[in-house]
Structures are given as C-alpha cells and as structure tokens.
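Q:
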Ligand code: AMP
Ligand code: MG
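If you want it as structure tokens, here you go:
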C-alpha cells in the first residue's frame, strides 16, 4: 500500500498531453486552450463614446460651465465617423466612434437643451471624459488567456469580441467506462430482483466526465464476468485514453480485475493506496496503450477516486495546471484513523468575520450518497495526525470536478 501523493505521482508520470485540434469558437465552451490566446485586434477597436451625450474638442474655446454650443449633427453607433468633425459639437451615442480631433463627451444629464440645435453646458468639461480609448481593455498581441485555460462563457465573450472564428484546443480525453457487479441492474425500467441494486456509478462518472470536457466513448456493464472484462478491456484499449472501471478491485473472490489485468500483460502502477474511502484503487498501463484506473465499487469511493485521481490525470492530459486547494477551518473537532489520507464530505461556508469554515457531514461511510448531496466540497485530512481540533486549517476542493459553485 502506498501513500496518496506517491500513487498520484505514479499515475501523473504516465499522463501525456493530448494533441491539439482546431475548434470553432462557437463550439468551444468547456474545451481547453492548447496555446496561449493572443489578441489579434485591440479592444475597443477604436476610440468611442462611453455615454450618450455630446462630443467636443477640449482644445476649442468655451467648455466652461454655462457655455453655449451649436450641435452639428448626430453620431450613431455603427456609423463611420465624419472625417472633418473637429471644431464642431456632435450628439453622440454610446459606442459610436469618436471622430478624430474630438476628445471629450459630456453626458445628456450635464447639458441643457436650448433648442433642436443649441445646448448649454451645466458643468465644465475636460479632455478624456467619458471616452473609451482604443486598446484600453485588451491591447493588441497581449496574452488574453493562458494555455490550459478552460473556455468558459467569459472567454467565449472575448473570443467573439475579438472576432476569433477558430481556436486551437486539446483533443477531448476519450474515456471508456466499465462497471462490474453481478448485483447491478442498469435499466431503470426493470424491476429489482432480490439482492439487486440499480447501477449508479457509471451515471455519476459519465456526468462528471462530460462536465470536465472528456468524451465517454463506451459505458459497459460486465456483471462479474472476468472473461467479459478481458474482452471489453482489450477492445477498448486502443480506442480510449483511459479505461475506468468500478468495483472488483478489493479482496473478495469476485474481485477479478487485478488478476485479469496481469493476465492481459498490463503494467501495474499501483494497487491500494493509503486513503479512505477508496483504498483498493488500482492503476495500470494496458499493453495497447491506454491507462487503466480501477475504482472500488462503493459510490463515495468512486467520487473520491474521480476527484483525487482521475481529475488530476485528465487535467494533466489536457495541459491544465493542478488545482490549488481552498483553505478552510474545521467547524468541529474530529478523530480519524492515523496513517490514511481522509477525504471527507463537507459543507463549506463563509464565516461571518473571516475565511471559509468546513462542516464535516454526518454519514461519511462510502455507501452513503445522501450526504454527498449535502456536500459542496471535500475536506482532506493528511496521514500524519488522528486528532483534528476545531479551527484546524485544512485543504478542500469543490465537490464537483468542474468546480461547481466555486471557481478554482
Ligand atoms: P466492490 O468494490 O465490487 O466490492 O463493490 C463495493 C460495493 O459497491 C458493493 O456494495 C457494490 O454493490 C457497490 N457497487 C459496485 N458497483 C456499483 C455501481 N456501479 N453502482 C452502485 N453500487 C455499486
Ligand atoms: Mg463487486
């Protein structure tokens, strides 16, 4: 049995960054940038009005409070600015291009309209007022986003504003799911027989993997059939980047995966890590090239295995940086078994005066999904202590693989 950090290191050492491919910006949300994004244009692309009002040149006389001016015409958003506008005063709309020579916009509220063509300033006006300068938001050639960044709605907005039609992203990791367990019923329309349960792990994994930007290329239930395992794993090994199984990796007589992998000539990276839940986890490299991660069958062991092994692995394949944990203080003391790294279902909340407080939830057992619903985070208690006082600072990650309501 090896420590979590060592097990993760062995797994990440096998992670090759996936190739880049082109993607339309319109389809890019959730994809990961393969290259840093540099601005091919500046934003705003031209000097323009920040408010509806009147455009002036401050170099001209009479921008004092009470001065009167004749309005030469209107400048609308989307219209080319007149070339010889300097010296005149123009009514201007927010976003309209500022003609050369004009350098100040006085909003309607600060102007008294005397007639259709004449206005009076209520206050003095100054150069640069209410003007958005070209490039003041995003400079040309500046790095807009780093390689490894997930394209989210905000980045999608900037891509659109820059007029970027296609971008280079990482190919989606291809993940094949294998569920073991003779007790599983996959079809929700079938009634349960004695001793049977509805399969739930693959549904969780599929939803999480999709949210992470992976492609689930297969989702197969194998029963407890070692031959079916060998056949399916062999079939998927050259199509998938990762074959991810649940169940059949611990000590029972039906736990055939370790021996099955050995018989297939897979190279074992580790089997059993000093963690709770999920201790029997296994990782291997299949002969045909794909990585194999075998998670134990209990639903919370699956969730922890996904969050603390598979997510770091997929992030590495996607060229994303490792996540930085949040820091929170324990709301109440807790005692745990020493020598294991514990991943605990927790609810983080903002304390009234300072940082985040972590409440560890009732029902930490690895079969309990009810408390997973209450959790918004995982709290990590490292191996070196068994007594954790209230107020102890601990690492935490958002519960869900894509960050959930946190932005990490
Ligand atoms: P195993 O790791 O195969 O010994 O399974 C451990 C526990 O997880 C058992 O109670 C199984 O019934 C349960 N389990 C295994 N696979 C699934 C699944 N796909 N969905 C729900 N529970 C499962
Ligand atoms: Mg089983």
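In the numbering used here, the protein residues as written are 267 to 674. Even for Gly, the Cβ is constructed at its ideal location relative to N, Cα and C.
(1) Helix, strand or coil for residue 637? Go by DSSP, reduced to three states.
(2) Residues in the same chain with beta-carbon distance under 6 Å from residue 549, minus the five sequence neighbours each way, listed in chain order, please.
(3) Roughly how many angstroms lie between the CA atoms of residue 284 and residue 270, to the nearest whole one?
(4) Helix or strand or just coil, what does DSSP make of residue 523?
(5) Given a cut-off of 7 Å, decide if residue 557 and residue 280 are closer than it, judged by their beta-carbon atoms.
(6) Residue 460 by DSSP, collapsed to three states: which one?
(7) Helix, strand or coil, according to DSSP, for residue 472 in the structure here?
(8) Comparing alpha-carbon positions, which option in 426, 602, 588 lies nearest residue 574?
(9) In chain order, what are the residues with a CB under 6 Å from some non-hydrogen atom of the ligand MG?
(10) Can you tell me which of the three DSSP states residue 590 falls into?
(11) Let me know the secondary structure DSSP gives residue 675 once reduced to three states.
(12) Could you round the C-beta distance between residue 625 and residue 613 to whole angstroms and report it? I think they count as a contact, below 8 Å.
(13) Where does residue 399 fall in DSSP's three states?
(14) On the criterion of 16 or more Cβ atoms from any shown chain inside 10 Å, does residue 508 qualify as buried, or is it exposed?
(15) Taking only runs of the beta strand (DSSP E) that begin and end inside the region 363–449, which ones reach a length of at least 3 residues, in chain order?
(16) Examine the ligand AMP and report whether any of its heavy atoms sits within less than 6 Å of the Cβ of residue 465.
(17) When you compare the region 305–321 with the region 371–387, are there three or more beta-carbon pairs, one atom per stretch, that lie closer than 8 Å?
(18) Name the one or two DSSP bridge partners that residue 340 has.
(19) So within the region 574–629, which uninterrupted beta strand (DSSP E) runs reach at least 3 residues, ignoring any that extend past its ends?
(20) Can you find the residues in the same chain that come closer than 7 Å, C-beta to C-beta, to residue 307, ignoring five residues on each side of it along the sequence?
(21) Hey, is residue 409 close to the ligand AMP, as in C-beta under 6 Å from one of its heavy atoms?
(22) Go through its chain and collect everything with a Cβ distance to residue 640's Cβ below 8 Å, but skip five positions before and after it.
(23) Measuring CA to CA, which of 568, 653, 632 is closest to residue 444?
(24) With a 10 Å radius around its C-beta and 16 neighbouring C-beta atoms as the bar for buried, classify residue 671 as buried or exposed.
(25) For residue 554, name the three-state secondary structure that DSSP assigns.
(26) Residue 652 to residue 543, Cα distance in whole Å?
(27) Tell me, which residues are paired with residue 664 by DSSP?
(28) Please check the pair residue 547 and residue 609, which I expect to be a contact at CB under 8 Å, by giving their CB distance rounded to whole angstroms.
(29) DSSP three-state label for residue 495, please.
(30) Using the Cα positions of residue 667 and residue 572, report the straight-line distance between them to the nearest angstrom.
(31) Tell me whether residue 725 sits in a helix, a strand or coil according to DSSP, three-state version.
(32) Do residue 358 and residue 315 have their CB atoms nearer than 7 Å?
(33) Can you tell me which residues form a DSSP beta bridge with residue 268?
(34) List the endpoints of the continuous beta strand (DSSP E) containing residue 486.
(35) Just checking, does the region 418–425 make contact with the region 324–341 on the three C-beta pairs under 8 Å criterion?
(36) Which residues mark the beginning and the end of the alpha helix (DSSP H) in which residue 571 is found?
A: By the coordinates alone:
(1) Numbered from its first residue, the chain shown carries residue 637 at position 371. DSSP places residue 637 in helix when its eight states are reduced to three.
(2) Locating residue 549 in the chain shown gives position 283, counting from the first residue. These residues qualify, in order along the chain: 277, 535, 536, 559.
(3) On the chain shown, position 18 is the one that residue 284 refers to. On the chain shown, position 4 is the one that residue 270 refers to. So the two alpha carbons sit approximately 25 Å from each other.
(4) Start at 1 with the first residue of the chain shown, and residue 523 comes out as number 257. Here residue 523 sits in helix by DSSP.
(5) Against the chain shown, residue 280 aligns to sequence position 14. Against the chain shown, residue 557 aligns to sequence position 291. Yes. Within cutoff.
(6) Within the chain shown, numbered from 1, the residue matching residue 460 stands at position 194. In the structure shown, residue 460 sits in coil (DSSP, three-state: anything other than H, G, I, E or B).
(7) For the purposes of this step, residue 472 is taken as residue 206 along the chain shown, with counting starting at 1. In this structure, residue 472 counts as helix in the three-state DSSP scheme.
(8) For the purposes of this step, residue 574 is taken as residue 308 along the chain shown, with counting starting at 1. It is 588.
(9) 446, 447, 513, 514, 520, 563
(10) Taking the first residue of the chain shown as 1, we reach residue 590 at position 324. Residue 590 falls in the coil class under three-state DSSP.
(11) No information on residue 675 is available, as it lies outside the stretch 267 to 674 that the chain covers here.
(12) Here residue 625 refers to the residue found at position 359 of the chain shown. Here residue 613 refers to the residue found at position 347 of the chain shown. Residue 625 to residue 613, Cβ: 5 Å. Contact.
(13) Your numbering for residue 399 matches position 133 in the chain shown. In the structure shown, residue 399 sits in coil (DSSP, three-state: anything other than H, G, I, E or B).
(14) As a position in the chain shown, residue 508 is number 242, starting the count at 1. With 16 or more other Cβ atoms within 10 Å, it is buried.
(15) 370–373, 377–379, 384–387, 409–411, 432–436, 440–445
(16) Within the chain shown, numbered from 1, the residue matching residue 465 stands at position 199. Yes; taking the cut-off as 6 Å, the Cβ of residue 465 has a heavy atom of the ligand AMP nearer than that.
(17) yes
(18) The residue you call residue 340 lines up with position 74 of the chain shown. According to DSSP, which records beta bridges pairwise, residue 340 is partnered with 357.
(19) 592–596, 607–616, 622–626
(20) One-based indexing of the chain shown puts residue 307 at position 41. Contacts found: 406, 428, 429.
(21) The sequence position of residue 409 within the chain shown is 143, counting from 1. No - the ligand AMP has no heavy atom lying nearer than 6 Å to the Cβ of residue 409.
(22) For this step, residue 640 is matched to residue 374 along the chain shown. Closer than 8 Å at Cβ, skipping near neighbours: 611, 613, 627.
(23) The residue you call residue 444 lines up with position 178 of the chain shown. Minimum Cα distance to residue 444 is reached at 568.
(24) Here residue 671 refers to the residue found at position 405 when the chain shown is read from its first residue. Bear in mind that a pLDDT of 49 at residue 671, under 50, signals an unreliable position, so the model cannot answer this.
(25) For the purposes of this step, residue 554 is taken as residue 288 along the chain shown, with counting starting at 1. Coil, per DSSP.
(26) Start at 1 with the first residue of the chain shown, and residue 652 comes out as number 386. Start at 1 with the first residue of the chain shown, and residue 543 comes out as number 277. In a straight line, the C-alpha of residue 652 is about 16 Å away from that of residue 543.
(27) Here residue 664 refers to the residue found at position 398 of the chain shown. In DSSP, residue 664 forms a bridge with 643.
(28) Taking the chain shown and counting its residues from 1, one reaches residue 547 at position 281. Taking the chain shown and counting its residues from 1, one reaches residue 609 at position 343. In fact, because the Cβ distance is near 12 Å, the residues do not count as touching under 8 Å.
(29) For this step, residue 495 is matched to residue 229 along the chain shown. Reduced to three states, the DSSP call for residue 495 is helix.
(30) By one-based count along the chain shown, residue 667 stands at place 401. By one-based count along the chain shown, residue 572 stands at place 306. Approximately 8 Å, taken between the alpha carbons.
(31) Lying outside 267 to 674, the shown extent of the chain, residue 725 is not represented and no answer is given.
(32) Here residue 358 refers to the residue found at position 92 of the chain shown. Here residue 315 refers to the residue found at position 49 of the chain shown. A contact, by the Cβ cut-off of 7 Å.
(33) Within the chain shown, residue 268 is the residue found at index 2, counting from 1. DSSP output for residue 268 lists 539 as bridge partner(s).
(34) Mapped onto the chain shown, residue 486 falls at position 220. Looking at the DSSP string, the run of the beta strand (DSSP E) that includes residue 486 is 481–487.
(35) no
(36) Here the question's residue 571 lines up with position 305 in the chain shown. Taken as a continuous stretch (DSSP letters only), the alpha helix (DSSP H) holding residue 571 covers 565–571.
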